[in-house]
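Participant:
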Amino acid sequence: MKYFKYSAGPLISIILSLIIGAIFIILIGQDPAEVYVKMFTDTLGNSYGIGQVLFKATPLILTGLSVAFAFRAGLFNIGAEGQMTVGAFASAWAGFTFTSMPWIVLIPLCIISGFLAGAFWAAIAGYLKARFGSHEVINTIMLNFIAMALVSYLVNNIYLVPATIHTPEISPNAVLLRFDVITGMFKGSPFNLSFVIAAAVCIIIYYVIRKTPFGYRINTLGYNINAAEYAGMNVKRLTVYAMAIAGGLAGLAGLNFVNGYKHYFELGFSENAGYVGIAVALIARNNPFAIIIIAVFFGVLEYGGLTVNTLVPKEIVTILQGIIILLIITITKYFDKKFKLAKA
Amino acid sequence: MTNHLAVEMKGITKTFGDLRANDSVDIKITKGTIHAIIGENGAGKSTLMNILYGMYHPDSGTIYINGNEAVIHSPADAIKLGIGMVHQHFMLVNTLTVLENIILGDEVTGALNTIDKRRSRQKVKQILNNFDINIGLEEITGTLSIGTQQKIEIIKLLYRNAEILILDEPTAVLTPQETDELFKTLKVLKAEGKTILLITHKLNEVLGISEFITVLRNGKVTGNTETKDTDKDQLAGMILGGSFESIKRKQNSPAEEFILEIIGVSVRSDKGLPAVKDLSFEVHRGEIIGIAGVEGNGQHELIEAICGLRDYSGSFILNGKPADKDLPVAHIPANRHKHGIVMEYNLAENVLLGREGEAEFSTGVSIKEKALRAYTERLIKKYDIRPAEADLLIGGLSGGNQQKVVAAREMSKHTDLIVVSHPTRGLDIKAADFVHSVLLEESAKGKGIILVSSDLGELLKLSDRIAVMFNGKINAMLDSATTNEREIGSYMLGLSGSGGDKG
Amino acid sequence: MKTTINLILSFILALTITSCGKKENTENNTGKLKVGLVFDVGGRGDKSFNDAAYRGLEKAKQELGIEFEYIEPGPGADREAALRQFSSRKDIAVIFGIGFIFTDEITKIAQEFPDKKYACVDYTVDPSKTIPPNLVALEFKEEEGSFLVGAIAGLLTKSNKVGFVGGMDSPLIKKFQVSYEAGVKHVNPGGQILVGYAGVTGDAFKNPGRGKELALGQYNDGVDIIYHASGVTGLGVFEAAREMKKFAIGVDSDQNDEAPGYIITSMVKVVDVSVFEVIKEVKEGTFKGGRVETFGLKTKGVDYAYTDKNKHMIPDEVKAKVEVIRQDIIDGKITIPTK
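Chains as they are written, first to last, in the numbering used here: chain C, 1 to 344; chain S, 1001 to 1503; chain L, 2001 to 2339.
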């Protein structure tokens, strides 16, 4: 019953959105059953499709986690997109700059670079909030714009491979291998070891939030900032730390594309994973493990959209994805109220 | 026959989950009387009144207003039926004028739906005349005293033609002088034919002003009487359901040595204005210093400075040594919901608040959950916290038990100095008594306690000395053995003493 | 609540039933040649590059009786997935990638699926790498076309000031700018050229508002003709031309219809012809991969638009001069800078 209460909202909204989607598909003169069957079999019906779905899910896990972690501290991180972008660039930079290093050094270096770059970027927003009280939503949105422009500048003017829109390739020692290469499974899909990193990070964040004094302080900050202050916590410093960690998590989201897939940084790589992460965190109620499940669901939506693109124009697919997200959020809220799941 | 009844509620039952807040409550309120509803916290007084005001819907039962059956779905319905309520926390907009607050939401409108201030003012003036109330309508609400703000709330109801007025613990925030004035107003209202429902747990007041009394206990009516036929002991029996003996006054005397010396401390308010002005006093070992004062005279800022939550100038000397910013001090804050607990946490997590770094509860990397749990269970037992479940969310506890959790946590911090603000605000007699006994016990151990309270009875009962703050200074330092509420009240209002400086 | 669930269930049931009968009309092999095409970031409706490719498909459908499907993947990781999706289909024989950003992916996929045939428009040729034998690289000499429209602008300008609006500030678009500038200077050494870019990201190709802003600025500075190489952003340039009653030069397709009377000409890339030709070769069995197919002035693979709709805007003596330059380029008498 407990699980039903928590899953009823998302399930009913998925069914409802499939129906609304069917209406749209009929309107453009296609057969909804055919579209849905294709979408389902091409994503989850074969190992290549599953690999694609998990590949799409990987950055969403990390950006979702980023948003969720900030939210634990009562902060809205709208800046995962920018943090991911600077993180991805930093990972690539480490990978194509320190080419002589062995993998045992270089891979951790790429991971740490991505984390630190994202963390630094988000910490700016956190510091501005703590020091001057400017709202983190505005701070992070503005920093997104700056991140895009800055990274574009760096790529176009300093690190560009001519006649492309990407940087040089990273050293083979910086590559996070594809499961295809390691196991022969998921043939041809870009699904790679970044997923393992993302899953491990979920476990670490779960532990930090639930078990450590630091996580306890973060939670307290989010639930009741006044009580946190009265309990002697340094609220300002915690705000900066919370944003920094959130940014670091988003910064890791770039590994999937850079070190796991293309082996270079390419402009426009993000596919809005930073923004989709907000929806992921929202639907998963900021629970690290639920985030994995929801991210995979979004992976199905995204890759599924591509598989039916020959039948349904891209715009319709985007509309459908938007409707599904909206429905899940609103219907879940409705059920929360109905079952009194939300805390008073 | 029923025409003389303003309100009749029959068989009202309301449950919240497993809790029966009201259990077939019957109550009759005679028109043109002051009717007190008394009982412990959690006895169901507020629930009953919230049902009458349309905030809650009863599971069963019927309500008659002026003899007619009424269905009240919302406060708007209640207002239409002539029922108004003054809540414990005022619903006023501080930045608006008195007039604007009164007419807000029910403005007299003129051409093009604009507010016709002239006609509104006439209507309000009429009310003020009728009920002999004196307030400047153009004053900014936030600058007025609590007593005056309460009057504004009452005028708001009269402006909406309320015939039945519900007042929820109206005297909790008032000085004795302000209470007198409120009661004078209530008597005028009664004389004009209004019906007044008074929720309170102060027995002296009940006996002084009401004509009828209904006692609630555990959601049931345990007494229904005319005031002239009863007395304090009988009422206490009906409230508590048995004999109850209040604890005695403070026994131990303070030692000579100082725990805390406050020397020339000045603190600014949130707005940057001087709130505490060059203030000095000492707290002896084993002493309880009471701090009295009308709210907003610097008590809050002083407490926050001592607890390291606010910048100050001057110095604190703790146990003979000049103290830096973070004094080791236990603090029971005035607003426990805002500052003392985290509603989303369970008891154990609330006990951990502010102590998560201590070696007793943390390995440095992770929290020692077993140790925390065992510790919490010890506190639950020692402080008789109910329900006795460490895993329960604190939001599910009554106010008194929440306060016990805060007290338990702070008292167990092993500090020499304890700062307490309004520790029994909103608590029933039993819970308040328990908190008092805890404070006396800590004092007997030789700790120094600074107690801020608006309940002068509480200050007189617990304190050795009472510092009365007025305008950021100590207007008088009184010996609680020789002073009384009247004297304290006159220093609070600046009628006696140096009066502080007017700047 | 219960009724709602019933309603939903019956709706789903109805959908499944109605759709069962129609299943067989897709993914069956009608024996016709089937083409899969993956669009560039801009996707269909850019009134330029991608739409030109689409015209090639339509023409092949009508004249050669082929079938086609397309995918619009957007930026990011989907290009490879889209190519792979077509490649793993039995019924699809030829796969197109539209745009230079497909270079890496299409090379890789072509190697992986040696039985399929591939073509990539604007493929970036790297002399150090070989092109797979089942892939043909379609390269356009945009610098030749840009040089020519530069010459037209240089000859027609009355204020002696012309403008250029680029999309994303990148070496690729720089090539358009530099060769255009060279064209202007070639006929009009004293001519002044103002340059503006819409941005530094891929979005700079999709921002007509910014395009209009840049163009208005240049027109106000005395420019009377602007050449744009900025995708959808260019629609804003045309809007500004209409508003200021000045002139613009289109790119990729003949963009005359976007602002008739204000667009002197367009630097035309015959993407449609190239797509059509590749399909025709496959159909006739003459497809030959592993090579670069260059479309320049010589083969009319790039050109400037000169039709009934715009020839009144290009005087005969100007046209004559431009034709001389064209011949000089073809003959190698003029070298065109690209950087």
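By construction, the Cβ of each residue, glycine as well, lies at the ideal position given by its N, Cα and C atoms.
Keep in mind it's a predicted model, so treat the numbers as computed, not measured.
With 8 angstroms set as the bound, which would you pick, yes or no: does the beta-carbon of V1007 (chain S) sit closer than that to a beta-carbon of chain C?
Facilitator: no
Participant: Mind pulling the chain S residues with CB within less than 7 angstroms of R217 (chain C)?
Facilitator: E1356
Participant: Interface residues of chain C around P1333 (chain S) at Cβ under 8 angstroms?
Facilitator: Here the neighbours are Y230.
Participant: Mind checking which residues open and close the alpha helix (DSSP H) that includes H1300 (chain S)?
Facilitator: 1299-1306
Participant: Which residues of chain L have a Cβ atom closer than 7 angstroms to the Cβ of Y261 (chain C), listed in chain order?
Facilitator: Neighbours of Y261 (chain C) on chain L, chain order: A2077.
Participant: Could one say the Cβ of N224 (chain C) lies closer than 8 angstroms to chain S's Cβ atoms, at least one of them?
Facilitator: yes
Participant: Are the beta-carbon atoms of L1279 (chain S) and I1474 (chain S) separated by less than 8 angstroms?
Facilitator: yes
Participant: Look up I2336 (chain L) in the DSSP assignment and say whether it is helix, strand or coil.
Facilitator: Note: I2336 (chain L) maps to coil in three-state DSSP.
Participant: Determine contact between the stretch 1344-1360 of chain S and the stretch 1446-1456 of chain S, defined as no fewer than three beta-carbon pairs at a distance below 8 angstroms.
Facilitator: no
Participant: Taking the Cβ atom as the reference point for each residue, do A1371 (chain S) and I1385 (chain S) lie within a distance shorter than 8 angstroms?
Facilitator: no
Participant: Between which two residues does the alpha helix (DSSP H) harbouring D1180 (chain S) extend?
Facilitator: 1176-1191
Participant: Give the range of the alpha helix (DSSP H) segment to which V337 (chain C) is assigned.
Facilitator: The question names Val, but residue 337 (chain C) in the sequence shown is Lys. Taken as a continuous stretch (DSSP letters only), the alpha helix (DSSP H) holding K337 (chain C) covers 314-338.
Participant: Can you find the residues in the same chain that come closer than 6 angstroms, C-beta to C-beta, to I141 (chain C), ignoring five residues on each side of it along the sequence?
Facilitator: I78
Participant: Between the stretch 1347-1371 of chain S and chain C, which residues of the former have CB atoms less than 7 angstroms from a CB of the latter, in chain order?
Facilitator: Using a CB distance below 7 angstroms, the part of the stretch 1347-1371 of chain S facing chain C consists of L1352, L1353, G1354, E1356, G1357, S1362, V1365, S1366, I1367, ordered along the chain.
Participant: Give me the subset of the stretch 2054-2072 of chain L whose CB atoms are less than 8 angstroms from a CB atom of chain C, sorted by chain position.
Facilitator: E2069, Y2070, I2071, E2072
Participant: Consider the Cβ of K2022 (chain L): report whether some Cβ of chain C lies at a distance smaller than 8 angstroms.
Facilitator: Because K2022 (chain L) sits at a pLDDT of 39, beneath the cut-off of 50, its placement in the model cannot be relied upon, and the following sentence gives the value as read from the coordinates. Using a Cβ-Cβ cut-off of 8 angstroms, K2022 (chain L) counts as an interface residue toward chain C, since at least one Cβ of chain C sits closer than that to its own.
Participant: Could you work out which residue in L:L2172, L:K2309, L:A2153 is closest to N156 (chain C) when comparing CA atoms only?
Facilitator: L:L2172
Participant: Would you check if the stretch 1029-1040 of chain S and the stretch 1195-1211 of chain S touch, i.e. whether three or more CB-CB distances between them fall below 8 angstroms?
Facilitator: yes
Participant: Report back the beta-carbon spacing between A1467 (chain S) and K1413 (chain S) to the nearest angstrom; my notes put them in contact at under 8 angstroms.
Facilitator: With a Cβ gap of about 24 angstroms, A1467 (chain S) and K1413 (chain S) do not count as contacting.
Participant: Here's the rule I'm using: 16 or more other beta-carbon atoms within 10 Å means buried, otherwise exposed. How should P10 (chain C) be labelled?
Facilitator: A residue is called buried when at least 16 other Cβ atoms come within 10 angstroms of its Cβ; P10 (chain C) meets this threshold and is buried.
Participant: Check for me: the alpha helix (DSSP H) holding R2242 (chain L) runs from which residue to which?
Facilitator: 2234-2244
Participant: What is the DSSP secondary structure of P1328 (chain S), counted as helix, strand or coil?
Facilitator: coil
Participant: Using the C-alpha atoms, what's the distance from V208 (chain C) back to Y334 (chain C)?
Facilitator: 31 angstroms
Participant: Tell me, please, whether the CB atom of G79 (chain C) is closer than 8 angstroms to any CB atom in chain L?
Facilitator: no
Participant: Run through chain L and tell me which residues come within less than 7 angstroms of N309 (chain C), C-beta to C-beta.
Facilitator: I2071, E2072
Participant: Let me know the secondary structure DSSP gives S1437 (chain S) once reduced to three states.
Facilitator: Annotated three-state conformation of S1437 (chain S) is helix, per DSSP.
Participant: Using CA coordinates, which residue listed in S:A1078, S:V1405, S:T1230 is at the minimum distance from A1348 (chain S)?
Facilitator: Taking only the C-alpha atoms, the option nearest A1348 (chain S) is S:V1405.
Participant: What number of angstroms, rounded off, separates the C-alpha of Y1053 (chain S) from the C-alpha of M1411 (chain S)?
Facilitator: 40 angstroms
Participant: Specify the secondary structure class of G1061 (chain S) as computed by DSSP and reduced to three states.
Facilitator: If DSSP states are grouped into helix, strand and coil, G1061 (chain S) belongs with the strands.
Participant: So if I threshold CB-CB distances at 7 angstroms, which residues from the stretch 1079-1100 of chain S count as touching chain C?
Facilitator: none
Participant: Could you work out which residue in C:G51, C:L150, C:I319 is closest to F345 (chain C) when comparing CA atoms only?
Facilitator: Chain C is shown from 1 up to 344; residue 345 (chain C) falls before or after that span and cannot be answered.
Participant: Pull up the DSSP beta-bridge partners for E1226 (chain S), would you.
Facilitator: S:F1212
Participant: Select from L:K2280, L:G2236, L:V2275, L:I2279 the residue whose C-alpha is nearest the C-alpha of A2259 (chain L).
Facilitator: L:G2236
Participant: So for F2140 (chain L), helix, strand or coil by DSSP?
Facilitator: strand
Participant: Counting contacts by CB-CB distance shorter than 8 angstroms, is S134 (chain C) in contact with chain L?
Facilitator: The beta carbon of S134 (chain C) does not come within 8 angstroms of any beta carbon belonging to chain L, so the residue lies off that interface.
Participant: Just checking: is the beta-carbon of Q83 (chain C) within a distance shorter than 8 angstroms of some beta-carbon in chain L?
Facilitator: no
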